[in-house]
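Student: First the structure, which I've put down as C-alpha cells, then a few questions once you've had a look.
In the working numbering, the protein residues as written are 1290 to 1553.
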C-alpha cells in the first residue's frame, strides 16, 4: 500500500478548497490595485490615520501601497494567515484521522511499522504544502503581471513564497506534534487552531507593546516580517529556529505514536 498516495487522495478535496480560497483571495485583492494606485496620496493619508498598532500589525507602515510591490506586500499577511491555518489543521488532521475514522487497526499493524506510517504521512503533508505554495506562487505571478506596468517583482514574490513555505512547514509540524501528544483525536484540530490563534495574538500584542518583544521567539509570525523578506532579508536565527521547531514537533509525533494504544 502506498501510504503517501492514500493520504494525497484523502486530502485532495481539502487541498482543492484551500487552493481555491487562495486563488480567490489573491485575485480579488489584486483587482483593487488600479484604484488604489490611482488614488495615490489619498490612500497614503488614509493609512496614516489608522492607529499605529494596526499599521504595524499589517506592516502598512513599512510599505508604499501605491506601488505594485507595496500593495502586494500589504495584503500578504492575509494569505500568510490562510496558509498558516491550513498547514496547522492539515498537520493535526493527518495524524488524528485514523482514530477518528476507525482505520487505525488497519493502518498501524504489521507489516507496516508505525515509524514508516508517520514518515509517509509527513511526506504527504510536505507534498500538499508544495502544491499549495506552487498554486499561491503561480496565482500571484499571474495577477501581479496583469496589473504591473513597471519593473518585475517576481523575485520579491519568490522570497515571500519561501517565507510562506517555512511558516507552513513549522505550523504543520506543530499540528502533527500536538496531535501526537493529545490522546483524544477529537481535540487535535481545536487545540492546533487555538495554538495558531494564540501565536497570532501574541505577535499582535508585541507590535502594540514593544516592551514584550522578548517573547517574539514564541510566535512564528515574528520570524519573517514581510517588508524585509520581500527584499531577500531573512534573519538566520529565525530560519534556524523555524527548522528546529519543525524537527522537534515532528520528533514528538514519532515518540508519542510509538507509545500510544491506537487500537483502544
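Glycine is no exception: its CB is placed at the ideal position from the N, C-alpha and C atoms.
Could you tell me if residue 1425 is buried or exposed, where buried requires 16 or more neighbouring beta carbons within 10 angstroms of its beta carbon?
Tutor: Residue 1425 comes out buried.
Student: Following the continuous alpha helix (DSSP H) through residue 1441, name the residue where it begins and the one where it ends.
Tutor: Run containing residue 1441: none; DSSP gives neither H nor E here.
Student: Taking a contact to mean a Cβ-Cβ separation below 8 Å, would you say residue 1481 touches residue 1352 in this structure?
Tutor: Going by C-beta atoms, residue 1481 is not nearer than 8 Å to residue 1352.
Student: Within its chain, find whatever has a CB closer than 6 Å to the CB of residue 1534; leave out the 5 residues flanking it on each side and keep chain order.
Tutor: Once the five neighbours on either side are set aside, the close Cβ partners of residue 1534 are 1459.
Student: Who are the near neighbours of residue 1265 in its chain, counting only those whose CB is closer than 7 Å to its CB and skipping five residues on each side?
Tutor: No information on residue 1265 is available, as it lies outside the stretch 1290 to 1553 that the chain covers here.
Student: If you draw a straight line from the C-alpha of residue 1537 to the C-alpha of residue 1463, how long is it?
Tutor: For residue 1537 and residue 1463, the distance between alpha carbons rounds to 9 Å.
Student: Looking only at its chain, what residues have a beta carbon closer than 6 Å to the beta carbon of residue 1364, apart from the 5 residues adjacent to it on each side?
Tutor: Correct list, in chain order: 1318.
Student: Using 8 Å as the threshold, is the stretch 1325 to 1342 in touch with the stretch 1407 to 1423, meaning 3 or more CB pairs across them?
Tutor: Contact between the stretch 1325 to 1342 and the stretch 1407 to 1423 is absent, because fewer than three Cβ pairs lie under 8 Å.
Student: Can you give the Cα-Cα distance for residue 1350 and residue 1511, rounded to whole angstroms?
Tutor: Rounded to the nearest angstrom, the two C-alpha atoms are 16 Å apart.
Student: Let me check understanding here. Comparing Cα to Cα, which of 1436, 1372, 1530, 1447 lies closest to residue 1520?
Tutor: Ranking 1436, 1372, 1530, 1447 by Cα distance to residue 1520 puts 1447 first.
Student: Can you list, in chain order, the residues of its chain with a C-beta nearer than 7 Å to that of residue 1491? Leave out the 5 residues immediately preceding and following it.
Tutor: So the list reads 1504, 1507, 1508, once near-sequence residues are dropped.
Student: Short of 6 Å in beta carbon distance, which residues of its chain neighbour residue 1385, apart from the five on each side in sequence? Order them along the chain.
Tutor: Excluding sequence neighbours, residue 1385 sits near 1468, 1474, 1477.
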